[in-house]
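In the numbering used here, the protein residues as written are 3 to 141.
Glycine is no exception: its CB is placed at the ideal position from the N, C-alpha and C atoms.
Predicted model, so just to flag it, every value in this text is computed and none were measured.
All remarks here apply to the structure that follows.
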């Protein structure tokens, strides 16, 4: 069996809307799809450390509260087998802005609208996005 790539993702949720990024067309994995903010866990890094780093690199924020999480097994022709740890981030420091070249657009969606998008990077996001209004009261 191939090595399993460790990935993290943040469902940045302000209590009403979910932030998604439109992946750039030149990305090796899932180009031109709407995705959560996140990426690879580097060697020696915990998933939460990777999450904080990815949020800083991609949208220039520091998470201050991380809520419920889900684990999604993935297989992508470009990446092989992966395990995505997906976290709710509902409080942060800083103003969200697009950084780097990972995404060509950032947009806020109602969670149900996000779940219905035709171009999601991961199909398993759909039921999780739909559950966000119920999950919002986790704290």
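- Around residue 76, the same chain offers 84, 86 as residues with beta carbons nearer than 6 Å, after the five sequence neighbours per side are excluded.
- Only residues of its own chain outside the window of five on either side were considered, and among them 88, 130 have a CB closer than 7 Å to the CB of residue 72, listed in chain order.
- If you keep only unbroken alpha helix (DSSP H) runs of at least 4 residues inside the segment 26 to 109, you get 49 to 61.
- Judged by beta-carbon spacing, residue 132 lies within the 8 Å limit of residue 113, meaning their Cβ atoms are closer than that value.
- Straight across, the Cα-Cα distance linking residue 60 with residue 126 is about 22 Å.
- Bridge partners of residue 10 according to DSSP: 41, 87.
- Going by DSSP, residue 115 is part of the alpha helix (DSSP H) stretching over 113 to 117.
- A residue is called buried once 16 or more other Cβ atoms fall within 10 Å of its Cβ, and residue 27, having fewer, is exposed.
- In this structure, residue 106 sits near residue 24, with a CB-CB distance shorter than 8 Å.
- The shortest CA-to-CA distance from residue 96 to any of 14, 5, 8 is the one to 14.
- In the DSSP assignment, residue 132 falls within the alpha helix (DSSP H) that extends over 127 to 132.
- In the structure shown, residue 23 falls within a strand segment according to DSSP collapsed to helix, strand and coil.
- Counting every other CB atom within 10 Å of its CB across the protein chains shown gives residue 44 a total below 16, marking it as exposed.
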